[in-house]
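Note that this note's numbering numbers the sequence shown so that position 40 is 73, with each residue one more than the last.
Accompanying notes for the structure given below.
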Amino acid sequence: MNDQPASLYGDQPEPPRPKAPGLLDQITGIFTSPVELFQRLNLAPSWGWALGVITLGALILTVIWGLKVDVDEMIRPALERNPQIQASQIDMIIEMQKKFLLPFGILFALFGTAAASALLALFYWLVGKGLHEGSAPTYTQAFSAAVVPSLVKLPHLLLIAIICLVRPFGGLTPEKIAPTSLGYFLHVENLKLHALLYSVDLFYLAEALLTYLALRHLARLKTAGALLCVLLPMALGIGLRVLGAK
Numbered sequence: 034m035n036d037q038p039a040s041l042y043g044d045q046p047e048p049p050r051p052k053a054p055g056l057l058d059q060i061t062g063i064f065t066s067p068v069e070l071f072q073r074l075n076l077a078p079s080w081g082w083a084l085g086v087i088t089l090g091a092l093i094l095t096v097i098w099g100l101k102v103d104v105d106e107m108i109r110p111a112l113e114r115n116p117q118i119q120a121s122q123i124d125m126i127i128e129m130q131k132k133f134l135l136p137f138g139i140l141f142a143l144f145g146t147a148a149a150s151a152l153l154a155l156f157y158w159l160v161g162k163g164l165h166e167g168s169a170p171t172y173t174q175a176f177s178a179a180v181v182p183s184l185v186k187l188p189h190l191l192l193i194a195i196i197c198l199v200r201p202f203g204g205l206t207p208e209k210i211a212p213t214s215l216g217y218f219l220h221v222e223n224l225k226l227h228a229l230l231y232s233v234d235l236f237y238l239a240e241a242l243l244t245y246l247a248l249r250h251l252a253r254l255k256t257a258g259a260l261l262c263v264l265l266p267m268a269l270g271i272g273l274r275v276l277g278a279k
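Written out as structure tokens, the structure is:
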């Protein structure tokens, strides 16, 4: 007597589970057919390889930039404008920054990307509980939606790294080096407005659009939920950048 439970599909074997797109499929798909890629990821979420290559790219850029940046030129103007810092303290602060800039940058590149992605995924997942189409997204789907769109920034990371290698860039931070933002071309006296212009970057906007598509087709959020998940973190990030400009 056969004690095996009957298959949900009768005598037919269960259909194979969809295979998750590999890293190469994700990189090519994000530039050529993102909607199709996100629909495939909805059935088979995947984020590990994408997170790994983004982290590696950020790490390489951090090391190249950290070894060549002029720390004095980067932070001295802000220190001199700060009335709470005495002139005698400025040189000591700069020397400390020179020692710790690269190690802390490496730590942030290694762990900051993953931590930020995990928090974004949690936000997407929570929003998806109330603003989803069909079934609510799983956390794995939300994590995929938080990570895979960032692959569009790989050419940006590569471009900045190449520029850092081939020419001096003084005390510029990475987002100010490549000619991909309004801030690179429009120079204004107001530091906060200038920081806002640097936030209008071609690759940041592309990532925002792709994140919206991922939330719609991968996490299956409603339009309102997808817009909320894109616009709120973007506004927070730009706001912190503008407020921090000194």
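Even glycine gets a Cβ: it sits at the ideal position worked out from N, Cα and C.
Contiguous alpha helix (DSSP H) assignments of at least 4 residues, all confined to the stretch 219–243:
224–232
Just reading off the alpha helix (DSSP H) that arginine 274 is part of, what are its end residues?
Stepping through the sequence shown from its first residue, residue 274 is reached at position 241. From DSSP, the alpha helix (DSSP H) with arginine 274 extends over 256–277.
May I have the straight-line CA-CA distance separating alanine 77 from threonine 206, to the nearest angstrom?
Taking the first residue of the sequence shown as 1, we reach residue 77 at position 44. Taking the first residue of the sequence shown as 1, we reach residue 206 at position 173. Near 37 Å, if we compare the C-alpha coordinates of threonine 206 and alanine 77.
Beta-carbon proximity list for threonine 244, same chain, < 6 Å, skipping 5 on both sides
As a working note, residue 244 is residue 211 in the sequence shown. If we look at threonine 244 and ignore the five residues flanking it on each side, its Cβ neighbours are Pro182, Val263.
Can you say whether leucine 269 is buried or exposed, counting buried as having 16 or more other CB atoms within 10 angstroms of its CB?
Taking the first residue of the sequence shown as 1, we reach residue 269 at position 236. So leucine 269 counts as exposed.
Which residues in the same chain as lysine 279 place their Cβ atom closer than 8 Å to its Cβ, once the five residues preceding and following it in sequence are excluded?
By 1-based counting over the sequence shown, the position of residue 279 is 246. Ala111, Arg114, Asn115, Leu224.
What separation, rounded to the nearest whole angstrom, lies between the Cα atoms of histidine 227 and valine 275?
Looking up residue 227 in the sequence shown gives position 194. Looking up residue 275 in the sequence shown gives position 242. If I take the Cα positions, the gap works out to 8 Å.
Rank Thr146, Ile87, Asp105 by C-alpha distance to the C-alpha of lysine 131 and give the top, closest one.
Position 98 of the sequence shown holds residue 131. Closest by alpha carbon: Asp105.
Assess, as a yes-or-no matter, whether the stretch 179–195 is touched by the stretch 137–156 under the definition of 3 or more beta carbon pairs within less than 8 Å.
yes
Since I believe leucine 187 is in contact with isoleucine 97 (beta carbons under 8 Å), could you give me their beta-carbon distance rounded to a whole number of angstroms?
In the sequence shown, the residue the question calls residue 97 occupies position 64. In the sequence shown, the residue the question calls residue 187 occupies position 154. In fact, because the Cβ distance is near 15 Å, the residues do not count as touching under 8 Å.
Stretch-stretch touch, CB-based, cutoff 8 Å, three pairs: the stretch 60–80 with the stretch 118–130
no
Expressed to the nearest angstrom, what Euclidean distance is found between the alpha-carbon atoms of glycine 161 and threonine 173?
In the sequence shown, the residue the question calls residue 161 occupies position 128. In the sequence shown, the residue the question calls residue 173 occupies position 140. Rounded to whole angstroms, glycine 161 to threonine 173 spans 12 Å at the Cα level.
Short Cβ contact (8 Å threshold) for histidine 165 with glycine 258
What you label residue 165 is simply residue 132 of the sequence shown in a count that begins at 1. What you label residue 258 is simply residue 225 of the sequence shown in a count that begins at 1. Yes. Within cutoff.
Same chain, Cβ closer than 6 Å to valine 185, neighbours up to 5 away in sequence not counted:
Reading the sequence shown from its first residue, position 152 is the one you call residue 185. If we look at valine 185 and ignore the five residues flanking it on each side, its Cβ neighbours are Ile63, Ala239, Glu240, Leu243.
So is arginine 253 buried or exposed if we call it buried at 16+ other beta carbons inside 10 Å?
Stepping through the sequence shown from its first residue, residue 253 is reached at position 220. Buried, by the Cβ-count rule.
Simplified DSSP assignment, three categories, for serine 214:
Here residue 214 refers to the residue found at position 181 when the sequence shown is read from its first residue. Three-state DSSP puts serine 214 in a strand.
Range of the contiguous alpha helix (DSSP H) that encloses histidine 189:
The residue you call residue 189 lines up with position 156 of the sequence shown. It spans 187–199 - the alpha helix (DSSP H) in which histidine 189 sits, taken as one unbroken run.
Considering just the uninterrupted stretch of the alpha helix (DSSP H) at proline 67, what are its terminal residues?
On the sequence shown, residue 67 is found 34 positions in, with the first residue counted as 1. Taken as a continuous stretch (DSSP letters only), the alpha helix (DSSP H) holding proline 67 covers 67–76.
Pull up the DSSP beta-bridge partners for tyrosine 165, would you.
Taking the sequence shown and counting its residues from 1, the one referred to as residue 165 is at position 132. According to the sequence shown, residue 165 is histidine rather than tyrosine. Its beta-bridge partners are Leu254.
Straight-line CA distance for valine 233 to tryptophan 158?
Numbered from 1 along the sequence shown, position 200 holds the residue referred to as residue 233. Numbered from 1 along the sequence shown, position 125 holds the residue referred to as residue 158. Near 27 Å, if we compare the C-alpha coordinates of tryptophan 158 and valine 233.
Please list, in chain order, all residues of the same chain as alanine 211 whose beta carbon is under 8 Å from its beta carbon, the five residues on each side excluded.
To locate residue 211, count along the sequence shown from 1; it is residue 178. Within the same chain, alanine 211 has close Cβ partners His189, Leu192, Ile193, Ile196, Tyr217.
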